Amino acid sequence: MTGFAGISGRGNPLVVDTADTLRPPMRLNLNKRLPRRRQFLTAAVALLAVSCSRIGSTSGIPVLVATTGHIHDALQRITDGVPVEMHLLCGPGVDPHSYGATSRDVIALEGAKGIIYNGFHLEAQLGELLEGPNMAPKAWAMAGAFPKERILDWVDDGEVDPGAPHDPHIWNHLEGWGTCVRALGEHLQGLFPENAELIAENTAAYAAEIAEADQWAAERIATLPEGRRVLISGHDAFNYFAKAYGMETHAVLGVGNDPEADIRTMQEVAAICAERKVPVIFLESITDPKITQSLEENCAALGWQTRVASQPLYSDDLGEDPPFDTFLGAFRTNVDLIVTSLGGK
Ligand SMILES: [Zn+2]
262 MTGFAGISGR GNPLVVDTAD TLRPPMRLNL NKRLPRRRQF LTAAVALLAV
312 SCSRIGSTSG IPVLVATTGH IHDALQRITD GVPVEMHLLC GPGVDPHSYG
362 ATSRDVIALE GAKGIIYNGF HLEAQLGELL EGPNMAPKAW AMAGAFPKER
412 ILDWVDDGEV DPGAPHDPHI WNHLEGWGTC VRALGEHLQG LFPENAELIA
462 ENTAAYAAEI AEADQWAAER IATLPEGRRV LISGHDAFNY FAKAYGMETH
512 AVLGVGNDPE ADIRTMQEVA AICAERKVPV IFLESITDPK ITQSLEENCA
562 ALGWQTRVAS QPLYSDDLGE DPPFDTFLGA FRTNVDLIVT SLGGK
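Going by this note's numbering, the sequence shown opens with residue 262, and the numbers climb by one from there.
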């Protein structure tokens with residue numbers, strides 16, 4: 262499962278923070294600037310410190326670790342009524358593409374009964390950690406259950422990266438994500454056989470809500486005029502969404518939410534925006550607002566006045582407060598914003 266999900270290869274070695282707090286959203290991958298040897302030393306020293314610490318849940322209640330908010334939400338729904346503790350690595354505003362584990366995360370991972378991650382190289386900096394001998398046996402990837410016929414390529418600059426060939430933003434394909442959620446439910450039944458019946462009920466109810474949201478989104482997006490079905494955002498997180506609902510999508514920062522925009526891509530996206538007369542472009546909760554602002558200015562230079570949407574889209578994270586703090590709440594908010602901004606109903 263882990264091999265198919267393909268988490269390593271693209272990312273750098275493990276980075277461990279000595280701070281016990283989550284890192285703020287990262288714009289730059291500072292790890293790439295360290296010599297490889299020093300990265301390993303940093304990790305080794307931090308792991309040594311962690312190994313001397315108390316490991317695992319103090320209450321004796323099993324711990325489940327989720328890398329993203331989407332997975333955390335699924336775990337909460339599926340294990341409702343089951344005694345478990347949750348630990349989320351990438352909270353609101355945190356970019357999973359560039360996130361490195363803190364020492365607190367490593368403690369939670371070491372003591373966890375199960376680790377659920379996205380895969381397809383979304384968590385590029387966590388690859389070696391999750392595939393290590395202590396973690397791999399209990400790590401399970403949502404991507405491993407995503408329908409193969411729905412998988413999209415990870416394309417940047419017109420080429421597929423052989424080290425990370427699949428687009429990881431699978432939660433934006435609700436039909437496929439529903440399949441992943443059902444498989445997660447089966448996996449959790451195996452971890453908690455004494456609660457299997459409750460987990461099966463919770464999973465079925467949640468999967469039904471996902472299917473309902475999928476149908477609702479299709480109906481909303483169908484109200485968009487034909488020429489308005491163009492979704493332009495900060496990074497390429499909406500390819501599955503666009504494919505599912507008959508839209509096209511373009512972004513400046515690539516599939517991996519690159520730390521900086523390259524001028525050629527910026528100009529290409531601006532040219533599409535001007536040519537297609539796209540009225541609104543979208544900021545994302547995890548991308549730098551300056552990127553969207555720069556795109557708006559590049560459009561203006563081509564004689565087309567677009568505007569940035571009033572609210573950001575939730576791409577790779579969830580929000581702090583309801584309704585943005587659940588997967589379907591954030592998804593429905595995204596759909597509402599896209600449809601109303603582009604002239605649908
Ligand atoms: Zn992303």
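Ideal Cβ positions, reconstructed from N, Cα and C, are used throughout, including at glycine.
In this text the structure is predicted, and so the values were computed from the model without any measurement.
Query, Result
"Span separating the alpha-carbon of E392 from that of A478", "36 angstroms"
"Any non-hydrogen atom of ligand 1 closer than 7 angstroms to A591 Cβ", "no"
"Coil, strand or helix - V276 by DSSP", "In this predicted model, V276 has a pLDDT of only 32, less than 50, meaning its place in the structure is not dependable enough to derive any value."
"Residue from A535, A498, Q337, A444 whose Cα sits closest to the Cα of R414", "Rather than Arg, the amino acid found at residue 414 in this sequence is Asp. D414 has its Cα closest to that of A498, out of A535, A498, Q337, A444."
"Beta-carbon gap between I339 and L452 smaller than 8 angstroms", "no"
"Reference G604, options V539, F381, H358, closest by Cα", "V539"
"Own chain partners of A457 with C-beta closer than 7 angstroms, once the 5 adjacent residues on each side are dropped", "Q450"
"Contact test: S494 Cβ vs ligand 1 heavy atom, cutoff 7 angstroms", "no"
"Euclidean distance between Cα positions of C560 and A531", "5 angstroms"
"Minimum C-alpha distance to A335 - residue among G321, T601, C441", "C441"
"Assigned exposure category for A505 - 16 Cβ within 10 Å defines buried", "buried"
"S571 CB to nearest heavy atom of ligand 1 below 7 angstroms", "no"
"DSSP three-state assignment for D497, whether helix, strand or coil", "coil"
"Assigned exposure category for Q566 - 16 Cβ within 10 Å defines buried", "exposed"
"Classification of V491 by the beta-carbon crowding that lies within 10 angstroms, buried from 16 upward", "buried"
"Helix, strand or coil at G507 [DSSP, three-state]", "coil"
"Cβ neighbour criterion (16 or more within 10 Å) applied to N463", "buried"
"D417: CB within 7 angstroms of a non-hydrogen atom of ligand 1", "no"
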